[in-house]
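For reference, the structure is listed below as C-alpha cells.
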Amino acid sequence: MNWKVKAHLLALLSRIPAGRQVYHSLQRIAGTNRLQLDRDLNRAFELIDLSLETGQSLEGTEILEIGTGWRPLVPYVFALAGAKSVRTLDVNPWLTKSYALETWAAIEDRLEEIAARTNVPISDVRDRHRSVDTSVTTLSEFLNQIGIIYHYPGDARETGLEEESIDLIISSNVLEHIPLDVQNSIHLESMRILKTGGVSIHRFNPQDHNSTVDASITHSNFLKFSNRDWTWYGGSGLAYHNRLRSREYRELFESCGFNLTVCRERIDQRSLIAIESGELIVNEQFSQFSPEELAVDYMWVVAEKPARPATVSQNPDSRGVHQDVAGRSIESGSEKV
Ligand SMILES: C[S@@+](CC[C@H](N)C(=O)[O-])C[C@H]1O[C@@H](n2cnc3c(N)ncnc32)[C@H](O)[C@@H]1O
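Under our numbering, the first residue of the sequence shown is numbered 1067, with each subsequent residue one higher.
Here is the structure:
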C-alpha cells in the first residue's frame, strides 16, 4: 500500500468525531490488532531480559507498565514471573475483556517458555495460570486475580501512585508516540514514584512506521519532511510519531536525573545508505544529527534512578542544542518492526 493512503486515512479519522471508534473497528476488520503471539511474547521477553540483566528481581516486585495497548501480554508475563503487582495504564481504552481472555488462553501453550525465560519454576507459572477464573464478570476482576491493575484513563504523567513505591517501570512500543515535553513529564513522574535504584525500562521504535505498509520507503523516510508537512501526514492524531532521534531520547532521560545503564540502538543499513548517498535528503531541522543517529530504527533503554539524582531540568529544550554522545554502546537488536 502507498503509505500516503494510510496516512491520509488516519489523519482524516483523527479529525472527525468518533474517529477513534471507527479506527478501532477498522483495526478489528483489517486484523491489525490481532494477537501476534510470537512477536508480542518476544517483546515481553526483551523487557524481562533487560530486567534480569540489570539485576532486577521479578519475584515480589511492584511494576508499572506505561501504555497497555490492546493486548496485556507484557503484564501477563511479568505477573506469571511472580511480580507482586503490575499496574498498567493507558490514555486510550484499547484493552477489552475479550482481548484479555483471548490472550490469556493463547499463552497456556507457552508456559514452559515463559518459565524458562523468566527463570521461574514451571510449577509456579502453571499454578499462577491455573489459579485464574476466566468466568468472572469484569475485565478488572479478571486481571486482579493475578495482581494486574488496569488504569483507564491513566496518564503516565500523573499516576497518582505514592512516592518511591515502584520497583520497575516498563513500556513497549510507546515512547516514539509521545511528544518530547510529555515524555519529560513522564520521566519526572517516573523518578518520583520509583524506589531508589529502581529502573525504567523501555523498548521503542524511532522508525517511520509507514515503512511497515510500504516497502518502497526506508525506515527513515519521514525525516524528509518539515514539521508542518509531517503534522499533516502523521504528526498529530492517531498516527502520531514524534520523530525524535536516539540522542534526544538519551538526553531526555539524563536531563530528568536518570543514569542510563543500558542503551542499545539498532541502525537500519538501508536507511544509512540512502542518507549517506543523498538518495534520502533529510530536512534541515535534522541537520545536527549524524547519518547513524538518523538511521537508528530501534532502541532498548534501562534508566536507573540513582541514589542522588542529578539536577533535573523542568523545561527540555527542543531540537538543536544537544551535545555529542560518543562512547555509548550501539548494538544490533532482533526486532523487525
Ligand atoms: C503503539 S501503542 C503500544 C501498546 C502496547 N504497549 C503494545 O506494545 O502493543 C502505544 C500506547 O501508549 C498509550 N499512551 C500514549 N500516551 C500515554 C500516556 N501519557 N500515558 C499512558 N499511555 C499512553 C497509547 O494510548 C497506546 O495505547
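Positions of the beta carbon are idealized from the N, C-alpha and C atoms, including for glycine.
Opening and closing residue of the beta strand (DSSP E) in which residue i lies
i	result
THR1184	Taken as a continuous stretch (DSSP letters only), THR1184 belongs to no beta strand (DSSP E), being part of the alpha helix (DSSP H) at 1177 to 1184.
TYR1216	1214 to 1217
ARG1153	1151 to 1155
DSSP state of residue i mapped onto helix, strand, coil
i	result
LEU1161	coil
MET1257	helix
GLU1174	helix
LEU1234	strand
GLY1085	helix
GLU1228	coil
VAL1279	coil
ASP1274	coil
ASP1199	coil
SER1091	helix
GLY1399	With a pLDDT of 41 at GLY1399, under the threshold of 50, the modelled position of that residue is not reliable, and no figure is offered here.
VAL1248	helix
HIS1285	coil
ASP1390	Only weak support is given to the placement of ASP1390: the predicted model assigns it a pLDDT of 28, under 50, and the question is left unresolved by the model.
Extent of the continuous alpha helix (DSSP H) to which residue i belongs
i	result
ALA1305	No alpha helix (DSSP H) holds ALA1305; DSSP gives it neither H nor E.
THR1297	1293 to 1299
ILE1114	1103 to 1119
GLU1317	1312 to 1321
ILE1129	ILE1129 -> not in any alpha helix (DSSP H); beta strand (DSSP E) instead, spanning 1128 to 1132.
TRP1069	1069 to 1081
ILE1188	1188 to 1196
PHE1144	1139 to 1146
PHE1208	1205 to 1210
Of the residues the options, the one placed nearest residue i, counting alpha carbons only
i	options	result
LEU1304	LEU1076, MET1067 and SER1091	LEU1076
SER1123	ASP1106, ARG1196 and ALA1147	ALA1147
GLU1229	SER1197, ARG1081, HIS1195 and GLY1264	GLY1264
HIS1243	ARG1309, SER1164, ASN1099 and ARG1332	ARG1309
ASP1175	ASN1158, HIS1195, ASN1185 and PRO1159	HIS1195
SER1256	ILE1173, LYS1150, VAL1071 and CYS1322	CYS1322
ARG1311	ARG1332, TRP1298 and ARG1294	ARG1332
ARG1316	TRP1298, PRO1272 and ILE1341	PRO1272
GLN1335	SER1286, ILE1173 and SER1238	SER1286
THR1262	SER1337, LYS1371, LEU1113 and ARG1109	LYS1371
VAL1240	ASP1295, ILE1259 and HIS1275	HIS1275
ASN1349	PHE1291, PRO1357, THR1327 and ASN1210	PHE1291
ILE1267	GLU1345, GLU1112, LEU1155 and GLU1179	GLU1112
MET1067	ILE1283, VAL1328 and PHE1355	ILE1283
TRP1366	THR1203, PHE1270 and ASP1233	PHE1270
VAL1362	ARG1100, LEU1338 and ARG1081	LEU1338
GLU1207	ASP1190, VAL1328 and LEU1167	LEU1167
HIS1307	ARG1081, LEU1101, PRO1245 and ILE1232	PRO1245
THR1225	ASP1156, GLN1093, PHE1355 and SER1356	ASP1156
ILE1114	LEU1209, LEU1234 and ASP1247	LEU1234
(message) Runs of 4 residues minimum, wholly inside the region 1324 to 1382: which ones carry the alpha helix (DSSP H) assignment?
(response) 1335 to 1343 and 1357 to 1360
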